[in-house]
Amino acid sequence: MTTEPNASLYEPVSAAVNLPAQERDVLAWWDAEKTFEATLEATKGAPRYSFYDGPPFATGLPHYGHLLAGILKDIVPRYWTMRGYHVERRFGWDCHGLPVEQEINKQLNISDRKQVLALGVDTYNEACRGIVKRYTSEWQRTVRRIGRWVDMENAYYTMDPTFMQSVWWVFRQLWDKGLIYEDHKVVHYSIGVSTALSNFEATQDYREVQDPALTVAFELEDEPNTFVLAWTTTPWTLPSNLGLAVHREHDYVKLHDRTTARTYYLAAALWESVFLHAKPKHDASVMETVKGEALLGRRYKPLLPYFAHKASEGAFKIIHSDHVTLDAGTGVVHIAPAYGEDDFRAGKLNGLGLVNPLDDDGRFTAEVPDLEGKLPKEADPVMIARLKQQGSLLRHDTVTHKVAFCYRSDTPLIFRAVKSWFVRVEAIRDKVIAANATTAWVPEHLRDGRFGNWLVGARDWAISRNRFWGTPLPVWRNAEGETVCVGSIEELETLSGVKVTDLHTHFVDKITIPSPTGKSPLERIDPVLDCWFESGSMPYAQAGYPFTNRAVFEESFPAEYIAEGLDQTRGWFYTLMVLGAALFDKAPFKHVVVNGLVLAADGKKMSKRLRNYPDPNELVEQHGADALRLYLIDSPVVRAQEIRFNETGVRDIVRRILLRWWNAYSFFVSYASLDGFAPRGDAKASDNVLDRWVLSRLNTLIAQTNAEMEGYRLYNVVPALLSFIEGLTNTYIRFNRRHFWADGMPEDKRLAFETLYEVLRTTAKVMAPFTPFLAEVMYRNLSRGRADAKPSVHLEAFPQADDALRDAALEAAVARMEQAMLMGRNLREQIGVKGRVPLRALTVIHHDPAVLDAMRPLGAYMADELNVQSVAWSHDERAWMTLSAKANFKKLGARLGKRMKEVAALVEKLSPDDILTLEDGASVTLAGEAITLDDVEIRRAPRGSDSALMAHPSVAVALDPLVTPEQREEGLAREVRRRIQMARKLARMRLDQTVVAEICVAGDLFEAAKARVAWLASETLSEVRFVEAPTGVHVETFDIDGDALVIGIAPATAAG
RNA sequence: GGGCCCAUAGCUCAACCGGUAAGAGCACCCGACUUAUAAUCGGGAGGUUUCGGGUUCAAUGCCCGAUGGGCCUACCA
């Protein structure tokens, strides 16, 4: 450091700072200097810290949820970069899937599959491709503005051929492991638009509707005139009935109904509601009760003739199903495997087979001649009439329930089995759970709670979608059933002999693969992959693994860190975990920080229509990105809870943290410039107590911040920072100001500068990951003239705590001092003596002399702050206070258990001598228990005396309340001084300008002022004159406790 | 319907995963200070820790139930 003394080393700093404007300058500078790239360059070759960025859908604009996630995705990588790791950050875009198709459907006015086919899949897909990058520039702007460093230029797109090829590879891996199969899946199906709907689409619109509720009698094969009663709200599914389900553990009754002269089976718990409580009431009586178990396997006559031939294939029997409940109906569920998920599962499990007499438009086929061409809802009345006529309908009621509607065609959705491809998640569930057990979550409970539960209940994952804009399933098949799964572009080229440039359906569907055995050519099957399959493949696909970047992938898998919202439990977290476990038996990430939902200030969802939240861009321009970043990580949202977004909260961060911090910095820069201070780097050499204290606090902050960041507890960072900044401004600078005002550069002043410099520059480094802008500005200015300075704070190493500088006893002593001052001010208020009237003595009381010794160096600060003439120290507590003891419940409770109460009562009766014994370190025996000082809590209370006293567990103080006339007068003189200063200020005199102060005052004030006129003159840089009618460039009249004080200020003449 | 999370001062949040006078900040009222601070500092008021049971020597915290909110999930035919 070879800076010339007296040269102003630092850029001048204004106390009034426009943070957002400053941030914009920093952004421009980062861009110009390519600082982000420089941090990557600087860490090249260092160990990798791997971060995976979950891709957002490219179809919307960024909102607070994205901002929040973006901030979490920035802070952690910045931190680990400063810790010396190489942290690549690559943005990604989720390009495929429904949201994009929907945009295009809206644009092209398309409502169903046929229209797409009519238009041409190539045209359709290219239209989709065309809008994917629509919002990238908005995203880039916002991501940049919040200070997130991420490579958006080389972002991965899930629609890139390299990405899609890796997805194929992932699929092929699963295929080879036998984890892929094709089956039916029961899905929401819209007969209005002849297409299956995704869950997302299907649950958009639930409505209350009334449906028929039929109690239908199925006659048993082997027991004439005996029927099993089943309940259904979908009469149209009855032709497809292939089974009846009971629960094996439920009780069923066989009862005779004289009204219909038949015998029925139904659940014991429900027979009365069916026969007695409803109208018409039947004359029925129970014959016997059996377990459902006893009914299993019994066969019944097909209700309707259409599929009667299925009897030979195992249909028309009574089976067990867990989904049978006793809440409503008869405790017997009619099973139509094609038209319900539970039905499907139960049917499959029991070999009932499957019939599906609906065509793609939802109309009955010729398999059911009576209903041919009818829609399900049209079939209902026909069925009801038929059942009634054939005597199969016991009851016909109506129920009101919620039903999903098609949001496009306004028709109720039905459930219908469609062909679908699956990943056998259930087969590898244990592996997935084991992989999950290796991960660390914030908040912890999610891993085994919400997410863990989800894994435990995981079902096979349906990965195919009958759509167009997505990665095609890489399966080719011919009519004879020969099937090939293709795992790469090259393989497809080899197999087909066709050059492949793009993997979307409108390219690869044209490609056929000749049959290896000379049969008909293999064609690609129809569906595309669920886009969640693609985002789950992201760790492999972003690298193009295994075709490219093998080494990069291997180094970066699994990720050290990911961060997304709580909604990804069922989304990205899940698909990542399933694929990671399936492919590599590994969790693809080690740490995950889960953020909660950002709500508007009114607790509702943020809604563009309601305009119940501030525009993110405007907010950032108003308060700055640093403030937003701190606000968000200091909220419950980083613990996966929701946050009510409050603009005033962001403003508070600016006021409570950023401005205070800035003011400390600007204080330093202005005085350092004034004095030509140039750092030598020897702050440690200072033996000044506050210098040592603030360095200790700084190192404690560093240690805490590292510990919290290593545990990914971002929410603990801001509180520690806040208390540090508070101490820096309100204790360190406030009590140290005099040092900085000294003339010249005495050693103690120089060391104070060194200390403050060290603290500010280090704080900038500590804060760099959190408030990257402000930290950058301060660091760069404070680094001027240093040979070892980096161009940017973000190229610095994150500070490590120097334990040698940490002094817990000193931190405790200063905390006691702060407490003592607080109580001192409070006492002054109690005894009604203002701060300007000096008091004679403050006594600091603590039983431990060592504690007093530690505080002794701080006595001068206390005397000054509390305006007392002397500070006394006393360890004789009993001379000042009455002591009592109370049990330390935590300590004793663990030991004593039930005897706690007894001992606690005895502790409260301890004599002062006993307490003293304890304080001296000896023990006292109570009810046979040895009690030591640690086992009790000493309470202190003032004792009658002429001193005002206040006690706190950490320290007690007493103030001598005596005010002599002398003291009173001095107080009055200070009042006058203050008024002169004020008048000077009002007269706009320069700080160093000598003035003439003409004063008119009477009574005590006059006496006090007159007696100390020389003191007043030197304190206020004035020539004080007592006159009848003050004059000057400014004349001000003050009121001091009812007495008038008139002051006139004029500049002193040059002569003096 | 199921799962998970949440409920503490008017508002936003703490409280060392059972320990005994529940803490901040903002807002409010009063006061002080104003030679770093679009400030700052002190004081005051404000709580049956949503409600009801239970476990325990001890519950804001654990258990059960209720109420309210949120997220996820789900065709009880």
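To convert, take the position in the first sequence, counting from 1, and add 2; that gives my numbering. Glycine included, each C-beta is placed from N, C-alpha and C at the ideal position.
Does DSSP put residue i in a helix, a strand or coil?
i	result
PHE38	helix
ALA584	helix
ASN738	helix
PHE575	helix
GLN871	strand
PHE277	helix
GLN212	strand
VAL427	coil
ARG526	strand
ASP178	helix
TYR267	strand
LEU240	helix
LEU351	helix
PRO590	coil
Which term fits residue i, buried or exposed, when burial requires 16 or more other beta carbons within 10 angstroms of its beta carbon?
i	result
PRO307	exposed
GLU620	exposed
ARG469	buried
PRO49	exposed
GLY47	exposed
LYS606	exposed
ASP224	exposed
GLN167	buried
VAL401	exposed
ASP1043	exposed
ALA589	buried
ARG449	buried
What does a CB cutoff of less than 7 Å around residue i pick up in its chain, not counting 5 residues either side in sequence?
i	result
PRO7	Because the pLDDT of PRO7 is 45, which lies under 50, any placement of that residue in the model is unreliable, and the number read from its coordinates should be weighed accordingly. The answer, listed in chain order, is GLY678 and ALA680.
ARG808	SER698, ASN701 and THR702
ALA1046	THR1039
ILE917	LEU885, ALA887 and ILE940
ALA387	none
LYS501	GLU495
Among the options, which residue has its Cα nearest to the Cα of residue i?
i	options	result
TRP463	ALA406, PHE407 and VAL580	VAL580
ALA687	THR262, LEU601 and GLU756	GLU756
HIS954	LEU692, VAL488, THR234 and MET883	MET883
ALA754	PHE742, ARG992, VAL102 and GLY651	PHE742
ASN358	LEU578, HIS284, SER242 and VAL145	SER242
VAL595	GLU712, ARG657 and SER668	GLU712
GLY729	ARG740, ALA709 and VAL761	VAL761
ALA896	PRO22, ASP937 and HIS877	ASP937
HIS848	ARG880, GLY837 and LEU824	ARG880
ALA975	ARG945, VAL957, THR996 and ALA1013	ALA1013
SER558	LEU568, GLN570, ALA543 and GLU566	ALA543
VAL997	LEU1007, ARG986, ALA1004 and ASP1006	ARG986
ARG736	TRP177, GLU968, ASN614 and ARG662	ARG662
Within a Cβ cutoff of 6 Å, which residues of the same chain sit near residue i, ignoring the five residues on either side of it in sequence?
i	result
ALA286	LEU257, ASP259 and PHE277
ALA129	ILE106
CYS408	SER192, GLY194 and LEU415
SER323	ALA247 and ALA348
Between residue i and the rest of its own chain, which residues show a CB-CB distance below 8 Å, the 5 nearest in sequence each way excluded?
i	result
LYS592	THR440, THR441, ALA442, PRO560, ALA561, GLU562 and TYR563
THR764	LEU700, ILE704 and PRO801
Between residue i and residue j, which are expected to be in contact by the criterion C-beta below 8 Å, what is the C-beta distance as a whole number of angstroms?
i	j	result
THR138	GLU105	15 Å between Cβ atoms; not a contact.
GLY94	ASP55	5 Å
LEU272	GLY180	Contact doesn't hold; Cβ gap of about 44 Å is too wide.
MET747	ASN828	In fact, because the Cβ distance is near 39 Å, the residues do not count as touching under 8 Å.
VAL905	ALA924	18 Å between Cβ atoms; not a contact.
GLY598	VAL639	5 Å
ALA30	LEU797	With 8 Å as the limit, ALA30 and LEU797 do not qualify as a contact, their Cβ atoms being about 18 Å apart.
LEU494	PRO339	LEU494 to PRO339, Cβ: 36 Å. No contact.
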